[in-house]
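Residue numbers (my numbering): 41 to 157.
We put the CB at the ideal spot given by N, CA and C, even for glycine.
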Amino acid sequence: MNRSVYTLATLITVLAGCSTDSHVYRDQPLVAKVETGMSKEQVEQIGGPPLSISDRTVEPGTCFDYNLSQPGHQQRYNVSFDGQGKVDHKSFMTCAEWSHAQQKAREPSRSSGGGGY
41 MNRSVYTLAT
51 LITVLAGCST
61 DSHVYRDQPL
71 VAKVETGMSK
81 EQVEQIGGPP
91 LSISDRTVEP
101 GTCFDYNLSQ
111 PGHQQRYNVS
121 FDGQGKVDHK
131 SFMTCAEWSH
141 AQQKAREPSR
151 SSGGGGY
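Here it is as structure tokens:
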């Protein structure tokens, strides 16, 4: 993945996390304990079975949707796995939202770039 696409995807993820009550969930096992490189089995040991499992549409891999809950709060959360079944992303959005963000990040810029004069 080229650097600008990765940077944009990271920015989208950070902004999505900021629009939630992420601090409410920081001690939840999925948020606190799941780390990049973990296997699907390790994630399920921590968070239990996901609400849904979907194939990723932009990069090969799989994505688990979870619903985090605290008294008075509920929040969707995803854990995404690369083609080898290892965690490469997690965020406070659904797998579909993450896939859409990745797709948008891959679209070419609509600006002309100032060239051609």
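Three-state class that DSSP yields for residue i in the structure shown
{"i": "S94", "result": "strand"}
{"i": "P74", "result": "A small correction: the amino acid at residue 74 is Val; Pro does not occupy that position in the sequence shown. Note: V74 maps to coil in three-state DSSP."}
{"i": "R66", "result": "coil"}
{"i": "S139", "result": "helix"}
Delimiting residues of the beta strand (DSSP E) encompassing residue i
{"i": "K130", "result": "127 to 131"}
{"i": "S109", "result": "102 to 110"}
{"i": "Q115", "result": "113 to 121"}
Alpha helix (DSSP H) segment containing residue i, residue limits
{"i": "Q85", "result": "80 to 87"}
Environment of residue i [buried if 16+ CB atoms lie within 10 Å]
{"i": "R96", "result": "buried"}
{"i": "G125", "result": "exposed"}
{"i": "P90", "result": "buried"}
{"i": "A141", "result": "buried"}
{"i": "N118", "result": "buried"}
{"i": "T134", "result": "buried"}
{"i": "S139", "result": "buried"}
Supposed close pair residue i, residue j - CB separation, criterion 8 Å
{"i": "V74", "j": "I86", "result": "6 Å"}
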